[in-house]
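Please read the structure below before turning to the comments.
2 protein chains.
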Amino acid sequence: MTNLQQLRKGSTPLLILSILSTDKMYGYQIMRELERRSAGYFTMTAALLYPALHHLEKDGLLKSEWQAGPGRRRRKYYSITQKGRNALAASRTEWRTFIATLQKTLKPANGD
Amino acid sequence: MTNLQQLRKGSTPLLILSILSTDKMYGYQIMRELERRSAGYFTMTAALLYPALHHLEKDGLLKSEWQAGPGRRRRKYYSITQKGRNALAASRTEWRTFIATLQKTLKPANGD
DNA sequence: TTGACATATATAAGAATACTATATATAATA
DNA sequence: TATTATATATAGTATTCTTATATATGTCAA
């Protein structure tokens, strides 16, 4: 497992909540949008996304509804709940504390 | 699992390599030093630290040697290898890219 | 019209990592 | 002598990530 894959661990729910905070989207759209916004850096896969969406919905942070797409295609649209917004706000705060503390802790004493 | 625990995932090897980049230390000392530097934020546990140390040593990023402590006590001192220094430098770069990209991706379009 | 690729959602199996609990032993202190 | 701190380590469990697979539809080119 690469360092990047290590670092990315745990960021999935945060990214999903964040991307849904302004728009209602379906899963595949979330994957594409995430890649677009990060210029290809975050390559979300289906096997990572869908279980995460189900988990977030089970926790009440998202809600979903099926809608008709083009032709016979169905899309499951996810939207953030109030509980999800609260969790996102809390996550953002925790995230800022985390990176600040990590950077402080990582900073070597001798400028290495 | 809390958000913080989620975010912390993957940071363990980075923290260990970083803390060993300036000093040779034994495991218990690493735990204490990590808590001290992060003002109690990173509470490394033994079950998290020792397997990580073994893993890093197996990968050749650390090397260890037993030394006598006070009385009959033994301490296993870990020091970083050149390979470890290279990995640490690479990790730091990846880490900076990661947080920059994540923050950019997290930034909502409408100032939410 | 058929084959390839993209869209769309989802689960299974295996690997990696984290957490809780436990084991062993020594040193210091009350 | 009992408790707490120091010191290293593993077992079992839970969670998450990765790779692979399943199913179905839409689009476009050969």
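As given, the protein sequences belong to chains U and G, one line each in that order. Just so it is clear: in the first sequence, position 110 is 110 by my numbering, and no numbers are missing. Just so it is clear: in the second sequence, position 44 is 1044 by my numbering, and no numbers are missing. Glycine included, each C-beta is placed from N, C-alpha and C at the ideal position.
Skipping 5 residues on each side, what residues in its chain have a beta carbon closer than 8 Å to that of S1126 (chain G)? Outside the modelled stretch of chain G, which goes from 1001 to 1112, sits residue 1126 (chain G), for which no answer is possible.
Residue range of the unbroken alpha helix (DSSP H) whose run includes A87 (chain U): As a working mapping, residue 87 (chain U) is identified with position 87 in the first sequence. 82-106 is the extent of the alpha helix (DSSP H) around A87 (chain U).
Write down the C-beta distance between L17 (chain U) and G60 (chain U) rounded to the nearest angstrom, noting that I regard them as a contact closer than 8 Å. Within the first sequence, numbered from 1, the residue matching residue 17 (chain U) stands at position 17. Within the first sequence, numbered from 1, the residue matching residue 60 (chain U) stands at position 60. 12 Å between Cβ atoms; not a contact.
For chain G, find out if any of its Cβ atoms is closer than 9 Å to the Cβ of I30 (chain U); answer yes or no. The residue you call residue 30 (chain U) lines up with position 30 of the first sequence. Not an interface residue.
Listed by chain order, chain U residues near Y1041 (chain G) by CB distance under 7 Å: The residue you call residue 1041 (chain G) lines up with position 41 of the second sequence. Ordered by position in chain U, the residues that pass the 7 Å Cβ test against Y1041 (chain G) are T101.
Consult DSSP for M117 (chain U) and reduce its assignment to one of helix, strand or coil. Residue 117 (chain U) lies beyond the stretch modelled for chain U, which goes from 1 to 112, so this question has no answer here.
Ends of the alpha helix (DSSP H) at S64 (chain U)? By one-based count along the first sequence, residue 64 (chain U) stands at place 64. It is not in any alpha helix (DSSP H) - S64 (chain U) instead sits in the beta strand (DSSP E) that spans 62-68.
Three-state class that DSSP yields for R1008 (chain G) in the structure shown: Translated into the one-based positions of the second sequence, residue 1008 (chain G) becomes position 8. Helix, per DSSP.
Quick one: which chain G residues come within Cβ less than 7 Å of S11 (chain U)? Locating residue 11 (chain U) in the first sequence gives position 11, where the first residue counts as 1. Residues of chain G passing the Cβ test: L1102.
Using a Cβ cut-off of 9 Å (strictly closer), state whether S1018 (chain G) contacts chain U. Residue 1018 (chain G) sits at position 18 when you count from the first residue of the second sequence. With 9 Å as the cut-off, S1018 (chain G) counts as an interface residue toward chain U.
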